[in-house]
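S.K.: 1 is the number of the first residue of the sequence shown in our numbering; add one for each residue after it.
Beta carbons: idealized from backbone N, C-alpha and C, even for Gly.
Let me give you the structure first, and then I'll get to my questions.
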Amino acid sequence: MRLLRTVCKTSVRFLSTRARPLRVLGIETSCDDTSAAIVTSDRQILAEVVRGQQEMHEPMGGIVPTLASKGHSRNLPGVICETLELAGLTIGDLDAIAVTRGPGLPPCLPVGLNAAKTLAAVSKKPLIGVHHMEAHALTARLTTDNDLNQPSPAFPFMTLLISGGHTLLLTANKIGDYDQLGTTLDNAVGEAIDKTARLLRLDWLKGRRGGPGAALERAALKGDPERFMSRLPKPMLERNKYVMAFSFSGLKSAVARLIEVEKLVDLDNPQDVSDIAASFQLICIQHIEQKLSIALKQELIENKKPLTALVVSGGVASNTLFRTRLGALAGSYNLPLICPPPQLCTDNGVMIAWAGLERFQAGLIDDYTITTLPKWPIDSLKFRID
C-alpha cells in the first residue's frame, strides 16, 4: 500500500493537447538493482535513479533472490518518487509506464510489475511489459548521436547481448522481431567472469559501480595474458568450432583448478592474480570473436542480410578490451560497432523506459493483467504473450 499512497499524494495532472515529445517511465527490478527512469521520444533522459544492493549480497557470495526482492520492496517507492521529482513531473505528465516483465529472478520481477500495474491503473496510463534483453538491444537506438527523430542503428542489425545472465547473439529485424543465432550452452560470460572474480578474491565494493566483472577488468590491466594461456582451455575451438553456441563453464572450472588443485596461482600474490585474470579475460574475448565472426559471415554473405551495425550491450559490454577488439572485428566486415555508454550497459531503468517507448510507438501495449515471465525466449516476442 505504501506505493499506492505515494501515488495518490502526487496530483494527477492530465496533459493538454499541445504537441510535445512522449514521456515514458521505466521500472527495472529483474535482479538486484532497483532503478527507474524517464525518457522522451526525442531521446532525452529526463531522470534516472538507481539503488544498488551490493553490500547486502557480497557477504553471501552472490545475489540471494529473496533478499533482493525485499530490497526492491523497500527501495522502489522512493526510487519512483525521486525520479519524478528530478524530472519535475507528476504521474499525470507521463504517456505510458514500462516495466521489466522478464526474464529475471522470480522473486524480484513481481515487485516492479505490481508497482507498474498499480501506477498505470490509478493514473489510467498504458502499461508496457518489456523484455529485459530487448531493452539491452535497443539502448543503442537511444544513445547513438544522430538525427533525434531517426533512432540509429536502423533495422536490421546484429546484436550481441553479454551479461551475467545471458550470452545471446541476435539479428534484430524490427521492434519485437528477433532471430536468435546463438546462445550459451552453460554459463553466461558475465556469470563466468563474476565467479572467476570471486575465486580470485577481488574486492569489488569500495563504492565502485560495476561489480565483480569490473574488478576483474581492473586486475587484468596489470597482468600478462600470455602467462597462463597454455594452461587454460580454448572453448569449442576444435570439435565444435562451427557450432553457433558459446561455452564458459569449462574455462571457469580450469581457473579454479589452477588455484585449488595445481596451486599455480597464489592468491596472496597480486601479480599472479592479475596474470590469471588477464589470461581468462582474453580467452573469453577470443571465444566470442570466433563465434561472432561465423555469425557475421552467415548473415551478411550466406543470408544476404543488409545489416547496418553490430550492437554490443549488456553488462559485459562495459569492458574496454571487449569493446576495442569487437570494434576491430566489426570493422573488418565494414560495420560500425555501436555500444551504449558503460553506465547504460548494466541493468538500468533508462533502457526499460526507452524500450517501452519504442514498443508504445509501435502500438504494442499490454493489459493490466499481464504476469511476469522469468524465463522468456526473446525470439518468442513476435508471438504476443498475455
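I'd like to know whether the C-beta atoms of LEU185 and SER247 end up nearer to each other than 8 Å.
M.R.: Closer than 8 Å, so yes.
S.K.: Which same chain residues end up closer than 7 Å to ASP224 when comparing Cβ atoms and leaving out the 5 residues on each side of it in sequence?
M.R.: The answer, listed in chain order, is ASP275, ALA278.
S.K.: GLY190 and GLY213 - do their beta-carbons sit closer together than 8 Å?
M.R.: Contact flag set, yes.
S.K.: Is it a yes or a no for the segment 152–163 touching the segment 309–318, going by three-plus beta-carbon pairs under 8 Å?
M.R.: Segments in contact, yes.
S.K.: In the DSSP assignment, the beta strand (DSSP E) including LEU357 goes from what residue to what residue?
M.R.: That residue, LEU357, is in no beta strand (DSSP E); its alpha helix (DSSP H) goes 349–361.
S.K.: Three Cβ pairs or more, each shorter than 8 Å: is that satisfied between the segment 348–355 and the segment 130–142?
M.R.: Contact between the segment 348–355 and the segment 130–142 is present, because at least three Cβ pairs lie under 8 Å.
S.K.: Using a Cβ-Cβ cutoff of less than 6 Å, which residues in the same chain neighbour THR34 once the five nearest sequence positions on both sides are dropped?
M.R.: Same-chain partners within the cutoff: ARG51, HIS72, ASN75, LEU76, VAL79.
S.K.: Assess, as a yes-or-no matter, whether the segment 26–44 is touched by the segment 102–115 under the definition of 3 or more beta carbon pairs within less than 8 Å.
M.R.: In short, these stretches touch, since the Cβ pair count reaches three.
S.K.: Which same chain residues, not among the five before or five after PRO377, have their C-beta less than 8 Å away from its C-beta?
M.R.: Closer than 8 Å at the Cβ level, and outside the excluded window around PRO377, lie GLN180.
S.K.: Kindly indicate which residue of LEU199, MET56, GLU260 has the alpha-carbon position closest to the one of ALA219.
M.R.: Ranking LEU199, MET56, GLU260 by Cα distance to ALA219 puts LEU199 first.
S.K.: Based on DSSP bridge pairs, tell me the residues matched to THR167.
M.R.: The partner list for THR167 (beta bridge, DSSP) reads ILE162.
S.K.: So, helix, strand or coil for VAL7, using DSSP?
M.R.: Only weak support is given to the placement of VAL7: the predicted model assigns it a pLDDT of 40, under 50, and the value that follows is read from those uncertain coordinates. Reduced to three states, the DSSP call for VAL7 is helix.
S.K.: Indicate whether LEU406 and ALA68 have their beta-carbon atoms separated by less than 8 Å.
M.R.: Examination of residue 406 is not possible in this model, given that the chain is present from 1 through 386 alone.
S.K.: Verify whether the separation of the beta carbon atoms of VAL265 and ASP272 is less than 8 Å.
M.R.: Yes, these two residues count as a Cβ contact at 8 Å.
S.K.: For PRO107 and LEU89, what's the separation of their Cα atoms in angstroms?
M.R.: If you take the alpha carbons of PRO107 and LEU89, they lie about 30 Å apart.
S.K.: Is the shortest distance between the beta-carbon of GLY26 and the beta-carbons of chain D less than 8 Å?
M.R.: Any reference to chain D falls outside this structure, which holds one protein chain only.
S.K.: Classify LYS375 as helix, strand or coil using the three-state DSSP reduction.
M.R.: Here LYS375 sits in coil by DSSP.
S.K.: From the DSSP output, in three-state form, read off SER313 for me.
M.R.: In the structure shown, SER313 sits in a strand (DSSP, three-state: E or B).
S.K.: Please report the straight-line C-alpha distance between GLY92 and GLY102, rounded to a whole angstrom.
M.R.: Going from the Cα of GLY92 to the Cα of GLY102 covers about 26 Å.
S.K.: Can you tell which of VAL39, ILE162, SER313 has its C-alpha closest to the C-alpha of ILE193?
M.R.: With distances taken between Cα atoms, ILE193 lies closest to ILE162.
S.K.: Quick one: what's got a C-beta closer than 6 Å to ARG323's C-beta in the same chain, skipping five residues either side?
M.R.: Excluding positions up to five away in sequence, the list reads CYS339.
S.K.: Between which two residues does the beta strand (DSSP E) harbouring LEU335 extend?
M.R.: Note, LEU335: premise wrong, no beta strand (DSSP E); not H, not E.
S.K.: Does LYS252 pass the burial test, meaning 16 or more other C-beta atoms within 10 Å, or should it be called exposed?
M.R.: It counts as buried.
S.K.: Mark GLN44 as exposed unless 16 or more other C-beta atoms lie within 10 angstroms of its C-beta, in which case mark it buried.
M.R.: With fewer than 16 Cβ atoms within 10 Å of its Cβ, GLN44 is classed as exposed.
S.K.: If we count the other Cβ atoms within 10 Å of its Cβ and call it buried at 16 or more, is GLU85 buried or exposed?
M.R.: When all chains shown are included, GLU85 counts as exposed.
S.K.: Sort ASP366, ALA328, THR372 by Cα distance to ALA121 and report the nearest one.
M.R.: With distances taken between Cα atoms, ALA121 lies closest to ASP366.
S.K.: What residues are listed by DSSP as bridge partners for THR100?
M.R.: DSSP output for THR100 lists VAL130 as bridge partner(s).
S.K.: Bridge partners for ASP177 per DSSP, in chain order?
M.R.: Beta-bridge pairing links ASP177 to LYS174.
S.K.: From the DSSP output, which residues share a beta bridge with ILE45?
M.R.: Paired residues: VAL39.
S.K.: Got a sec, what are the start and stop residues for the alpha helix (DSSP H) ILE27 sits in?
M.R.: No alpha helix (DSSP H) holds ILE27; the beta strand (DSSP E) holding it covers 23–28.
S.K.: In terms of residue numbering, what span does the alpha helix (DSSP H) encompassing PRO212 cover?
M.R.: Its alpha helix (DSSP H) spans residues 211–220.
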